[in-house]
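The structure appears below as structure tokens.
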Amino acid sequence: GHLADRFGRRLACQVYCLLYISACITKHFNVYWILILGRITAGIATSLLFSVFESWVVSEMLNTHKAESSSLGKILGLMYFTNYTSAIAAGLVSQSLVTWAPLTKMPSTEHLYWGGSTLPYDASIVSLALGLVIMSLKWSENFGQKNAKARAPLPRDWMVWTLGVVCACFESAMYLFVFNYTPSLPTSPMGLVFTLFMLASMSGASLFSLVGKTSFHPADVLPLVLLLAALALAFTAASDFSFYSTICGYIVFEATAGFYWPAVGSLKSRVVPEESRATVYNMYRIPLNTIVVVVLAGGVDLENSIIIAASLLGISASLSVPIAFALKRRSSAAAEARESAEPLLT
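Written as structure tokens, this is what we have:
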């Protein structure tokens with residue numbers, strides 16, 4: 239994140255594409271150390287994915303195009319809606335590719351394969367290469383701290399770090415959910431389940447866009463959405479993971495996730511300072527990864543993992559309330575300052 243702020247966020251996005259392309263290539267090799275190398279490059283790329291792209295678009299909208307925060311919210315809502323639509327299409331295409339040709343060893347090689355489960359990764363390479371070309375030709379570069387010899391100071395605003403805890407709690411709960419929803423639905427058709435989840439997420443992203451057209455700010459609604467997410471997962475654990483209760487609870491949770499991503503993106507654009515945006519976004523992921531590793535490495539069972547996830551969501555909902563009130567007070571103070579300045583200007 240710090241390097242992206244210093245040397246350019248578009249450059250960091252391009253590096254993401256190259257890292258993930260290399261990770262996809264490693265899937266063709268039945269060699270342990272090459273596969274491990276692929277996991278390392280994919281891990282670095284994932285960190286970039288969840289920080290530099292959003293940092294770039296926020297800076298581009300607010301600084302380059304001088305857009306209003308409401309316009310940024312529309313862009314984020316559209317981005318995540320398109321993301322979920324693409325995920326559904328990618329799942330269908332990947333399933334078709336896997337069955338199109340069996341996994342086969344390449345002639346005159348010992349460890350190189352093609353076909354089968356490697357084909358979706360090849361399709362990803364095509365998509366990443368296309369994205370890389372578009373970035374290179376169409377995107378402008380933006381920076382946080384342009385001076386490579388100096389590090390931008392970390393913000394001291396309590397809201398920046400409280401929001402970080404909100405993000406870490408929600409997103410670690412989401413990862414715990416991702417690791418545990420399959421064993422909690424052992425006899426379900428996972429392709430259909432995934433499609434239902436993505437449709438629910440699309441609905442959440444659409445709800446965010448609708449809220450943006452009202453007088454409410456996403457920060458006002460986010461605490462209720464996070465509370466609903468906590469109740470949804472708590473309900474599945476309390477129902478002893480009966481099929482219908484579990485699938486309904488999970489669909490509600492996915493809908494809240496669809497609202498959360500553009501809402502928290504809009505919130506971070508208001509709270510996190512531009513000069514250290516990518517750095518702070520990456521720092522948000524440190525407690526997230528720590529929580530997930532501790533829970534998974536501790537061998538926590540399915541029920542307790544979901545209970546922990548619901549508890550984290552409850553913490554996230556609680557901490558989002560003072561942020562919403564503080565932003566409302568700041569907006570009111572700014573509006574009053576503008577009103578008091580108008581007579582002086584006239």
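Final position of the sequence shown in this note's numbering is 584; the numbers increase by one with none missing.
For every residue, glycine included, the Cβ atom is placed at its ideal position computed from N, Cα and C.
Predicted model, so just to flag it, every value in this text is computed and none were measured.
query                                                                                                                                                                                 : result
Check each candidate in Pro-560, Gly-281, Ser-570, Ser-569 and name the one with the smallest Cα separation from Thr-585.                                                             : Missing from the structure shown is residue 585; the chain here goes from 239 to 584 and no further.
In chain order, what residues of the same chain lie with their CB nearer than 8 Å to the CB of Ala-386, ignoring the 5 residues before and after it?                                  : Confidence is the limiting factor: at Ala-386 the pLDDT is only 43, short of 50, which leaves the residue's position unreliable, though a coordinate-based value still follows. Excluding residues within five positions, the ones whose Cβ falls inside 8 Å are Arg-244, Phe-245.
Is Leu-350 helix, strand or coil when you go by DSSP?                                                                                                                                 : strand
What's the C-alpha gap between Leu-366 and Leu-445?                                                                                                                                   : 29 Å
What's the call for Thr-517, buried or exposed, on a 16-neighbour Cβ count within 10 Å?                                                                                               : buried
What residue from Leu-350, Ala-438, Arg-567 has the CA that sits closest to Asp-458's CA?                                                                                             : Arg-567
Roughly how many angstroms lie between the CA atoms of Leu-257 and Leu-437, to the nearest whole one?                                                                                 : 29 Å
Can you tell me where the alpha helix (DSSP H) with Gly-276 in it begins and where it stops?                                                                                          : 270-287
Whole-angstrom Cβ separation of Gly-311 and Gly-442, contact assumed at under 8 Å?                                                                                                    : Not a contact, Cβ separation roughly 14 Å.
Can you name the start and end residues of the alpha helix (DSSP H) that Ser-483 belongs to?                                                                                          : 481-509
Assuming Val-533 and Ile-546 are in contact, meaning their beta carbons sit under 8 Å apart, how far apart are those beta carbons, in whole angstroms?                                : 6 Å
If I'm right that His-266 touches Leu-350 with Cβ under 8 Å, what's the distance once you round it to whole angstroms?                                                                : 6 Å
Looking only at its chain, what residues have a beta carbon closer than 6 Å to the beta carbon of Val-404, apart from the 5 residues adjacent to it on each side?                     : Ser-554, Leu-557, Ser-558
Is the separation between the beta-carbon of Thr-284 and that of Leu-273 shorter than 7 Å?                                                                                            : no
For a test of the three-state rule: what should DSSP assign to Lys-265, helix, strand or coil?                                                                                        : coil
Determine, using beta-carbon pairs with one atom in the region 478-491 and one in the region 508-516, whether at least three such pairs fall under 8 Å.                               : no
Please report the straight-line C-alpha distance between Phe-479 and Ser-422, rounded to a whole angstrom.                                                                            : 7 Å
Looking only at its own chain, which residues have a Cβ that is under 7 Å from the Cβ of Phe-291, when we skip the five neighbours before and after it?                               : Cys-251
Assuming Ile-529 and Ala-406 make a contact with CB atoms under 8 Å, what is their CB distance in whole Å?                                                                            : 7 Å
I'd like to confirm the pairing. Which residues does DSSP put opposite Thr-342 in its beta bridges?                                                                                   : Trp-352
Tell me whether Val-538 sits in a helix, a strand or coil according to DSSP, three-state version.                                                                                     : coil
Which whole-angstrom value is the C-beta distance of Lys-336 and Ala-361, which I expect to be below 8 Å?                                                                             : Going by the sequence as given, residue 336 is Val instead of Lys. Actually they are not in contact, since the Cβ atoms of Val-336 and Ala-361 sit about 10 Å apart, beyond 8 Å.
Given a threshold of 16 other Cβ atoms within 10 Å of its Cβ, counted over all protein chains shown, does Lys-343 qualify as buried or as exposed?                                    : exposed
So Ala-562 and Leu-460 are supposed to be a Cβ contact under 8 Å. How far apart are they, rounded?                                                                                    : 7 Å
Whole angstroms is fine: what's the gap from Tyr-519's alpha carbon to Trp-294's?                                                                                                     : 12 Å
Might you give, ordered along the chain, the residues of its own chain that have their beta carbon closer than 6 Å to the beta carbon of Phe-473, omitting 5 neighbours on each side? : Gly-487
When the Cα atoms are used, what is the spatial distance from Leu-469 to Gly-315?                                                                                                     : 24 Å
Starting from Trp-294, trace the alpha helix (DSSP H) in both directions and tell me its first and last residue.                                                                      : 290-297
Can you name the start and end residues of the alpha helix (DSSP H) that Asn-418 belongs to?                                                                                          : 396-422
To which residues of the same chain is Met-440 closer than 7 Å at the C-beta, ignoring the five residues directly before and after it?                                                : Phe-319, Tyr-322, Thr-323, Gly-496
In whole angstroms, what is the alpha-carbon distance linking Phe-481 and Ser-570?                                                                                                    : 47 Å
Considering Thr-452, what are the terminal residues of the alpha helix (DSSP H) in which it resides?                                                                                  : Run containing Thr-452: none; DSSP gives neither H nor E here.
I'd like the list of long-range same chain contacts for Phe-435, defined as Cβ closer than 6 Å, with 5 residues on each side in sequence excluded.                                    : Glu-492
By how many angstroms is the C-alpha of Ser-297 removed from the C-alpha of Ser-309?                                                                                                  : 13 Å
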